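Numbering (the UniProt record's numbering), first residue to last: 1 to 521.
Don't be surprised by glycine CBs; every beta carbon is placed ideally from N, CA and C.
Bear in mind the structure is a predicted one, so any value in this text is a computation, not a measurement.
Following this line, the structure appears as structure tokens:
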């Protein structure tokens, strides 16, 4: 028989094939993915459909739903129910909007959410109840799917959103569960669906990042016996056509640009069903028409979100548009200055750090709507004020300075460490309230050549209060110098709301810079 496993991962709330910043068409989203799923099911009666996590956060539609719409079921659950998913796995971003939104998504789903390594701190039992599913096909094999989530979630998430949860090492969890699935559940085929990626080169096994336990897929393939297929995600990579230690692997990018497909042929012998061939490929949504029937189920959500996005809020006096994202990161820019100064105002701290999250940020146009704000500030961050040392500040600036590299011609480019295996532009911070100079001609780790606060050199042993987003405050982005530092103040309001409130209140925002930092090379 033939068995097809279809995987979505890191869809990040993308349903409609549009860019919310301007509503232009994009080859993304569950509408187009649905068309591919229908085609595959029409050709293969034995099909498993699995979502690998990061489903319910990432677009203005999902942001609007999570913040303002408390009466209807989660729109991503509505979409997944319509497509008859077999199961879903928890991604790290599932927790971003808090427990109520997540519980609603789970309870609204007509399929189980799997989290074998997310256990209760109290007794070690699965927190969400369901570690795995077993699906039996008529006159076919028993297929077990074990759901696993990167154990690194507590390093990013607000403590209240994961209260009572312990994230176990997914490799060790798989080592315990797979023998159970083979022996007790009599599984002919074992599939691991792991919301995490590969911290090592797929061919050589050499580390491609710090081995901190965030991406353990390579280790799973090497150390967990009796695994046939490993579905991965989290890194937003496009991986297919490969196997590690006999385990077929796949990762389908992000935002619903591709559907992952694993094809297996099996034969039944005296010892039961045996896999004879395995292969994986990625199916692009490019050129696919979105499934109008699917979209009809969530059109009311979309209409409300679009109305909200276009509400006029205020004006910008001057130029706050992003014309060149690299220039924004190399010289003081009004957008970054505005966000930093707003963070300082909201927190009372007089030092602030923020980032230009991606290269698609358009900046603020002369007439500002909510659409413009969410196009630039794409994460549901809140703010924290940390008390750090002058040495921590210097170390953080060095971490940011490592974002840049010089090519053989002396031209500045983005360091490969911030582009592979996925873009991490959000991990380069720009600061306000201090004066600093970064010299890119110097080696990484010694690029901060000037660092002053209120006209005097920053004292490495002194304490300074700095406002930053919650992701950065717990060391996210390898800013380990911030981990465990005293939290002076928590500002539990979304930054997007702070921005919207500021524009509404002031009506006109001046686009200004004070040139408190510069880069030389």
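Next on the checklist: Looking at the secondary structure, which residues open and close the beta strand (DSSP E) in which residue 346 lies?
Outcome noted: Along the chain shown, read from residue 1 onward, the residue named residue 346 stands at position 346. Here residue 346 belongs to no beta strand (DSSP E); instead the alpha helix (DSSP H) covers 334 to 347.
Checklist entry - If you measure from the CB of residue 349, is any heavy atom of the ligand HEM nearer than 7 angstroms? => result This structure does not include the ligand HEM; it has no bound ligands of any sort.
Checklist entry - Where does residue 101 sit, in a helix, a strand or coil, going by DSSP? => result Within the chain shown, residue 101 is the residue found at index 101, counting from 1. Helix at residue 101.
Next on the checklist: What does the alpha-carbon distance come out to for the pair residue 84 and residue 498?
Outcome noted: Residue numbering aside, residue 84 sits at position 84 when the chain shown is read from its first letter. Residue numbering aside, residue 498 sits at position 498 when the chain shown is read from its first letter. When rounded, the distance between both Cα atoms is 39 angstroms.
Item to check | Of the listed residues 7, 318, 43, 20, nearest to residue 233 (C-alpha basis) | outcome: For the purposes of this step, residue 233 is taken as the residue at position 233 of the chain shown. Answer by Cα proximity: 7.
Item to check | Residue from 139, 131, 164, 198 whose Cα sits closest to the Cα of residue 191 | outcome: Within the chain shown, residue 191 is the residue found at index 191, counting from 1. Nearest of 139, 131, 164, 198 to residue 191, Cα basis: 131.
Checklist entry - Is it right to say residue 392 is buried, meaning 16 or more other beta carbons lie within 10 angstroms of its own, or is it exposed? => result Against the chain shown, residue 392 aligns to sequence position 392. The residue in question, residue 392, is buried, as its Cβ has 16 or more Cβ neighbours within 10 Å.
Checklist entry - So the alpha helix (DSSP H) residue 519 belongs to, where does it begin and stop? => result The residue you call residue 519 lines up with position 519 of the chain shown. Run containing residue 519: none in the alpha helix (DSSP H); it sits in the beta strand (DSSP E), 517 to 520.
Checklist entry - Looking at residue 281 and residue 32, is the spacing between their C-beta atoms short of 8 angstroms? => result Sequence index remark: in the chain shown, residue 32 carries index 32 (1-based). Sequence index remark: in the chain shown, residue 281 carries index 281 (1-based). No, they are not a contact pair.
Checklist entry - Considering only C-alpha positions, which residue in the set 285, 91, 291, 228 is nearest to residue 277? => result The sequence position of residue 277 within the chain shown is 277, counting from 1. Here the closest residue by C-alpha is 228.
Next on the checklist: Taking the alpha carbon of residue 259 as the reference point, which residue from 40, 503, 18 has its own alpha carbon closest?
Outcome noted: Residue numbering aside, residue 259 sits at position 259 when the chain shown is read from its first letter. Minimum Cα distance to residue 259 is reached at 40.
Checklist entry - Going by C-alpha distance, which of 159, 185, 160, 230 is nearest residue 170? => result Taking the first residue of the chain shown as 1, we reach residue 170 at position 170. Ranking the options by Cα distance to residue 170, first place goes to 230.
Item to check | Integer-rounded CB distance, given that residue 66 should sit under 8 angstroms from residue 2 | outcome: Here residue 2 is taken as the residue at index 2 of the chain shown, counted from 1. Here residue 66 is taken as the residue at index 66 of the chain shown, counted from 1. Contact flag wrong, Cβ pair sits at about 39 angstroms.
Next on the checklist: Taking its Cβ as the centre, do 16 or more other Cβ atoms sit within 10 Å of residue 195, making it buried, or is it exposed?
Outcome noted: Within the chain shown, residue 195 is the residue found at index 195, counting from 1. It counts as buried.
Checklist entry - Would you call the segment 208 to 228 and the segment 396 to 409 in contact, with 3 or more CB pairs under 8 angstroms? => result no
Checklist entry - Is residue 207 helix, strand or coil by DSSP? => result To locate residue 207, count along the chain shown from 1; it is residue 207. Here residue 207 sits in strand by DSSP.
Checklist entry - Is the distance from the Cβ of residue 156 to the Cβ of residue 117 below 8 angstroms? => result As a first step, residue 156 must be located in the chain shown, where it is residue number 156. As a first step, residue 117 must be located in the chain shown, where it is residue number 117. No, the Cβ-Cβ distance between residue 156 and residue 117 is not below 8 angstroms.
Checklist entry - Is the beta carbon of residue 430 less than 8 angstroms from the beta carbon of residue 349? => result As a working mapping, residue 430 is identified with position 430 in the chain shown. As a working mapping, residue 349 is identified with position 349 in the chain shown. For residue 430 and residue 349, no; Cβs fall outside 8 angstroms.
Next on the checklist: Helix, strand or coil for residue 372? Go by DSSP, reduced to three states.
Outcome noted: Taking the first residue of the chain shown as 1, we reach residue 372 at position 372. It is helical.
Item to check | Pair within 8 angstroms by beta-carbon distance, residue 425 and residue 501 | outcome: The residue given as residue 425 occupies position 425 in the chain shown. The residue given as residue 501 occupies position 501 in the chain shown. Their beta carbons are not under 8 angstroms apart, which means residue 425 does not touch residue 501 by this criterion.
Checklist entry - Roughly how many angstroms separate the alpha carbons of residue 460 and residue 315, rounded to a whole number? => result For this step, residue 460 is matched to residue 460 along the chain shown. For this step, residue 315 is matched to residue 315 along the chain shown. About 41 angstroms.
Checklist entry - In the structure shown, what three-state DSSP assignment does residue 31 receive? => result Along the chain shown, read from residue 1 onward, the residue named residue 31 stands at position 31. Correct three-state label for residue 31: helix.
Checklist entry - Do the segment 136 to 144 and the segment 112 to 128 make contact, defined as three or more Cβ pairs closer than 8 angstroms? => result no
Checklist entry - Does the segment 439 to 447 come within contact of the segment 467 to 475, defined as at least 3 CB pairs closer than 8 angstroms? => result no
Checklist entry - Do the CB positions of residue 61 and residue 73 come within less than 8 angstroms of each other? => result If you number the chain shown from 1, residue 61 lands on position 61. If you number the chain shown from 1, residue 73 lands on position 73. No.
Item to check | Limits of the unbroken beta strand (DSSP E) element including residue 147 | outcome: For the purposes of this step, residue 147 is identified with residue 147 of the chain shown, where counting begins at 1. Here the beta strand (DSSP E) through residue 147 covers 142 to 149.
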